[in-house]
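Numbered continuously in UniProt numbering, the sequence shown closes out at residue 366.
One structure below.
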Amino acid sequence: SLTAGIVGLPNVGKSTLFNAITRAGAESANYPFCTIDPNVGIVEVPDERLIKLTEVVKPKKTVPTAFEFTDIAGIVKGANKGEGLGNQFLSHIRQVDAICQVVRCFEDENITHVSGKIDPIDDIETINLELILADLETVTRRYDRAEKLARQKEKEAVQEFNVMKKLKEGLEEEIPARAVPLTEEEMKIARQLHLLTAKPILYVANVSEDDITNSDDNEYVKQVRQFAEKDNAEVIVVSAKIEEEIAELDQDEKEMFLQELGIEQSGLDQLITASYELLGLATYFTAGEQEVRAWTFKKGMKAPQAAGIIHTDFERGFIRAETVSYEDLMEAGAMVQARENGKVRLEGKDYLVQDGDVIHFRFNV
Ligand code: GDP
């Protein structure tokens, strides 16, 4: 399954945030596909639709869907030089599918900052530069090889050389691979390199408890937003300290606490939702008398593949997917009514599953 990695310089609040994640997190026993690893935190994906579906279908049980965050500890600076721990840091990043970079936007005299002052942009650039340098090494190796082959004028080699040249020039100007303009075809070649700076990224601005309600006034947050805009990335504002406390509360207490703060969704829930999006994930539902359940699929999956997430038998013996969109079902108010309205479709093996589909799979055993 796909995972988002949490990275950041020392003392920015990574452990505090990861603590909140594991405390709020789901039991891995409920999600057998999830890894059991102390560096992995499993979270349930907040989804209003699941609550509404439960009200309509009135099942015995409701099960949300989940996904994983990975805590990427380790030193950052000099990582590209490939010394022990730094190397490990890069190889851990290599294994995740998206990056959540935590940036310190809180002041606290008692907590030292590695570079002596709070400077979120400098922090971001420090990490990004390590990733860029590591990628540059990867690309340069391929570039040299492609250059030799391209001299023989072989079409594929020439094409590869051109892609490596673009990437190399971009990285040399400290542009991350994800921001180097490439055509669809060139992108396919670039993907084979599994570059670190090609991974989707979002920034987590960690503000102090006092700043959470008016974080837009925080100068550091403003700087991060400005930077992220250039990077085409999203910014989520959290106060890791507060999230740690919220994670201890039950649902009712949590809602009350958030109301007091005047916040609609906790920072952690925003982070979960945004990371899910960043990974290209979406949700479909199954809804029966026994159980209403949310399932995670990768956008672009066809019906049999999506069925395979529930059980491999569902994919192998796939016949049809009886599908109604969440909106149509809600408008009808009940499955029977949705059927009468002609809103329940019989979809075949080429159907591209959509976020919010409520599906009943038919299959042969
Ligand atoms: P890491 O090195 O990035 O994992 O950082 P930690 O999570 O260990 O945090 C470093 C220090 O900053 C700890 O003393 C935390 O309690 C403190 N800290 C983390 N988040 C916040 C926050 O939102 N507000 C304040 N005031 N302190 C925080």
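No residue lacks a Cβ here, since even glycine has one placed at the ideal position from N, Cα and C.
Check                                                                                                                          : Outcome
Within 8 Å, strictly: CB atoms of L137 and L172                                                                                : yes
Pick from I213, L280 and G309 that is closest to residue 1, judged by C-alpha positions                                        : In the structure displayed, the chain extends from 2 to 366; residue 1 sits before or after that span and is not available.
Beta-bridge partners of L134, as assigned by DSSP                                                                              : Answer is none; L134 lacks a bridge partner.
Coil, strand or helix - Q355 by DSSP                                                                                           : coil
Candidates D351, V325 and D123, of which the one nearest R105 by Cα                                                            : D123
Close beta carbons around I237, own chain, < 6 Å, minus the five adjacent residues each side                                   : V205, Q271, L272 and A275
Three-pair Cβ contact test at 8 Å for the stretch 295-302 versus the stretch 64-71                                             : yes
Range of the contiguous alpha helix (DSSP H) that encloses E187                                                                : E185 to R192
Within the stretch 262-316, ranges of the beta strand (DSSP E) (whole runs, at least 3 residues)                               : 282-288 and 292-299
Where the beta strand (DSSP E) through Y327 begins and ends                                                                    : That residue, Y327, is in no beta strand (DSSP E); its alpha helix (DSSP H) goes Y327 to A333.
C-beta neighbour in chain E for K61, strict 8 Å                                                                                : Absent here is chain E; the protein component of the structure consists of one chain.
Alpha-carbon spacing of residue 367 relative to Y144, whole angstroms                                                          : Because residue 367 is not part of the residues shown, which for the chain are 2 to 366, the question remains open.
For T63, the three-state DSSP class (helix, strand or coil)                                                                    : strand
Cβ neighbours of T324 in the same chain (closer than 6 Å, five flanking residues each side left out)                           : R346, E348, D358 and I360
Q153, DSSP secondary structure in three states                                                                                 : coil
C-alpha gap between E185 and I247, whole angstroms                                                                             : 43 Å
A180 classed as buried or exposed, judged by whether at least 16 other C-beta atoms fall within 10 angstroms                   : exposed
Inter-stretch contact at 8 Å, needing at least 3 Cβ pairs: the stretch 246-260 / the stretch 212-229                           : no
Residues near M257 by beta carbon distance below 7 Å, same chain, minus five either side                                       : none
Unbroken alpha helix (DSSP H) run spanning L51, endpoints                                                                      : E49 to V58
Under the three-state DSSP convention, the category D218 falls into                                                            : helix
Nearest to F70 (by Cα), restricted to the options S16, N12, T55 and K166                                                       : S16
Anticipated Cβ contact below 8 Å, K200 with A135, distance rounded                                                             : Not confirmed; about 12 Å, so no contact.
Contacts around P60, its chain only, beta-carbon distance under 8 Å, and the 5 residues preceding and following it disregarded : A288, G289, E290, Q291, E292 and V293
Closer than 7 Å: V236 CB and nearest the ligand GDP heavy atom                                                                 : no
DSSP bridge partner residues for N207 (one or two, in chain order)                                                             : R105 and V239
Candidates F107, Q306 and N111, of which the one nearest D218 by Cα                                                            : F107
First and last residue of the uninterrupted alpha helix (DSSP H) at A339                                                       : M336 to E341
E110 beta carbon near the ligand GDP (any heavy atom closer than 7 Å)                                                          : no
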